[in-house]
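*Asks:* Reading the sequence shown from the start, the letters are residues 7 to 293 in our numbering.
Pasting in a structure now, in structure tokens, and then I'll have a few things to ask.
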Amino acid sequence: MIALALSILSSTLIFVVFKLYDTYRVQTLYAIVVNYMVACITGFFLYEGTVDIGQLFNASWFWGPILMGMLFITIFNLMAKTAQVAGVSVASVATKMSLVIPVIVGIWLFDERLTFIQIIGIVLALVAVYLASLKQKHLVINRQTLLLPFLVFLGSGIIDTSIKYFEELHLTDAEVPLFSSMVFGCAALTGILFIGIRTKSTPLKVNFKNILGGIALGVPNYFSIYFLIRALRTDMLSSAAIFTLNNVAIVMLSTLVGIVLFKERLSLKNWSGVALAVVSIVLVALF
Numbered sequence: 007m008i009a010l011a012l013s014i015l016s017s018t019l020i021f022v023v024f025k026l027y028d029t030y031r032v033q034t035l036y037a038i039v040v041n042y043m044v045a046c047i048t049g050f051f052l053y054e055g056t057v058d059i060g061q062l063f064n065a066s067w068f069w070g071p072i073l074m075g076m077l078f079i080t081i082f083n084l085m086a087k088t089a090q091v092a093g094v095s096v097a098s099v100a101t102k103m104s105l106v107i108p109v110i111v112g113i114w115l116f117d118e119r120l121t122f123i124q125i126i127g128i129v130l131a132l133v134a135v136y137l138a139s140l141k142q143k144h145l146v147i148n149r150q151t152l153l154l155p156f157l158v159f160l161g162s163g164i165i166d167t168s169i170k171y172f173e174e175l176h177l178t179d180a181e182v183p184l185f186s187s188m189v190f191g192c193a194a195l196t197g198i199l200f201i202g203i204r205t206k207s208t209p210l211k212v213n214f215k216n217i218l219g220g221i222a223l224g225v226p227n228y229f230s231i232y233f234l235i236r237a238l239r240t241d242m243l244s245s246a247a248i249f250t251l252n253n254v255a256i257v258m259l260s261t262l263v264g265i266v267l268f269k270e271r272l273s274l275k276n277w278s279g280v281a282l283a284v285v286s287i288v289l290v291a292l293f
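Set out below in structure tokens:
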């Protein structure tokens with residue numbers, strides 16, 4: 007449970023850093039790439055063994071970080087596009103609702119069992135995520151823009167499911183830091199390639215705000231994945247319960263941090279979502 011709590015805290019810190027980007031006018035894309043580099047370096051520092059390139063190529067999980075790294079950058083850009091076209095609430099709901107995918111896969115592929123009360127808790131968690139993430143009076147998705155949030159939903163769910171898959175079937179405890187590091191390293195390389203393509207039309211200028219913003223984001227970003235994998239490796243809860251608790255607790259804590267630090271105002275629906283989040287956490291964790 008400590009690992010899960012630290013993962014939730016790290017993910018909430020990511021939210022805080024993103025909010026500060028607006029305040030200090032940090033260019034998100036460039037900071038994101040720097041963040042992935044920092045997260046990659048952090049993982050290599052935590053890895054206690056010797057990094058052997060030949061052994062990495064032969065590792066059963068080697069191809070995983072490559073695909074996941076590409077997904078990280080792709081989903082980030084899709085989230086940004088969704089927020090611009092359909093609204094921030096739509097992007098937020100699509101991202102967090104994706105917890106359904108690893109929950110279903112955990113039950114189907116890994117034969118996990120949930121009690122009836124836990125199932126009720128998961129359903130309430132989905133409602134809580136929707137209500138707490140809703141920053142507009144009405145969530146309206148036009149048919150023309152339906153594809154974007156669906157891709158965000160699908161991609162976010164695939165990332166979480168992939169983490170569970172490699173943790174369950176391919177990773178040892180000692181390899182967790184290295185695996186996490188490589189995921190972020192591959193994301194950084196993909197981001198650099200993407201920026202390189204963009205700079206053909208728009209020259210790249212070094213901005214120290216972007217670099218500092220990336221450093222501030224990179225460390226909690228790394229630990230959000232690292233501690234999530236650690237939590238999945240414990241036998242206290244099923245992966246379905248862990249993904250539910252992780253997502254709904256992040257939404258709840260981020261919402262409360264927004265109120266305290268950034269003076270955000272919540273609607274009645276938002277407060278209802280926070281209340282339901284508490285109930286769902288109790289049902290999933292204690293029953």
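Positions of the beta carbon are idealized from the N, C-alpha and C atoms, including for glycine.
Quick check on residue 277: does DSSP put it in helix, strand or coil?
*Replies:* Helix.
*Asks:* If I'm right that residue 138 touches residue 280 with Cβ under 8 angstroms, what's the distance once you round it to whole angstroms?
*Replies:* 6 angstroms between Cβ atoms; contact.
*Asks:* With a CB to CB cut of under 7 angstroms and the five nearest residues on each side skipped, what residues in its chain are close to residue 185?
*Replies:* For residue 185, where only same-chain residues beyond five positions count, the Cβ hits under 7 angstroms are 67, 71, 172, 177.
*Asks:* Under DSSP, the alpha helix (DSSP H) around residue 327 begins and ends at which residues?
*Replies:* A query on residue 327 cannot be resolved here, the shown segment of the chain reaching from 7 to 293 and no further.
*Asks:* Using the C-alpha atoms, what's the distance from residue 188 back to residue 96?
*Replies:* When rounded, the distance between both Cα atoms is 30 angstroms.
*Asks:* Jot down the residue ranges of each uninterrupted beta strand (DSSP E) in the stretch 59-143, minimum 3 residues, whole runs only, in chain order.
*Replies:* Those beta strand (DSSP E) runs which fall completely within the stretch 59-143 and span 3+ residues do not exist here.
*Asks:* Residue 53 by DSSP, collapsed to three states: which one?
*Replies:* Note: residue 53 maps to coil in three-state DSSP.
*Asks:* Could you compute how far the alpha carbon of residue 248 sits from the alpha carbon of residue 134?
*Replies:* The alpha-carbon atoms of residue 248 and residue 134 are separated by roughly 16 angstroms.
*Asks:* Since residue 39 and residue 197 are thought to touch, with beta carbons under 8 angstroms apart, how far apart are those beta carbons, to the nearest angstrom?
*Replies:* Their Cβ separation, rounded to whole angstroms, is 4 angstroms, which keeps residue 39 and residue 197 in contact under 8 angstroms.
*Asks:* Out of 127, 30, 287, which one is the CA nearest neighbour of residue 213?
*Replies:* Selected option, being the one with the closest Cα: 30.
*Asks:* Which of the three DSSP states, helix, strand or coil, is assigned to residue 269?
*Replies:* Coil at residue 269, not helix or strand.
*Asks:* Three-state secondary structure (DSSP) at residue 41?
*Replies:* Correct three-state label for residue 41: helix.
*Asks:* Compare the C-alpha of residue 216 against each of 154, 35, 287, 113 and name the closest.
*Replies:* It is 35.
*Asks:* To the nearest angstrom, report how far apart residue 165 and residue 77 are at their CA atoms.
*Replies:* Each residue's alpha carbon lies about 7 angstroms from the other.
*Asks:* Examine the Cβ distances between the stretch 12-29 and the stretch 222-236 and report whether three or more of them are shorter than 8 angstroms.
*Replies:* Flag = yes, the stretch 12-29 and the stretch 222-236 touch.
*Asks:* When burial is assigned at 16 or more other CB atoms within 10 Å of the CB, is residue 51 buried or exposed?
*Replies:* Flag for residue 51 reads exposed.
*Asks:* Using 8 angstroms as the cut-off, can you tell me whether the stretch 237-254 makes contact with the stretch 96-115, which would need three or more C-beta pairs spanning the two stretches below that distance?
*Replies:* The stretch 237-254, when compared against the stretch 96-115, does touch it at the 8 angstroms Cβ threshold.
*Asks:* When you compare only the Cα positions, how much space is there between residue 32 and residue 42?
*Replies:* Computed Cα separation, rounded: 16 angstroms.
*Asks:* For the stretch 162-240, list the alpha helix (DSSP H) runs that are entirely contained and at least 4 residues long, ordered along the chain.
*Replies:* Those alpha helix (DSSP H) runs which fall completely within the stretch 162-240 and span 4+ residues are 182-204, 214-238.
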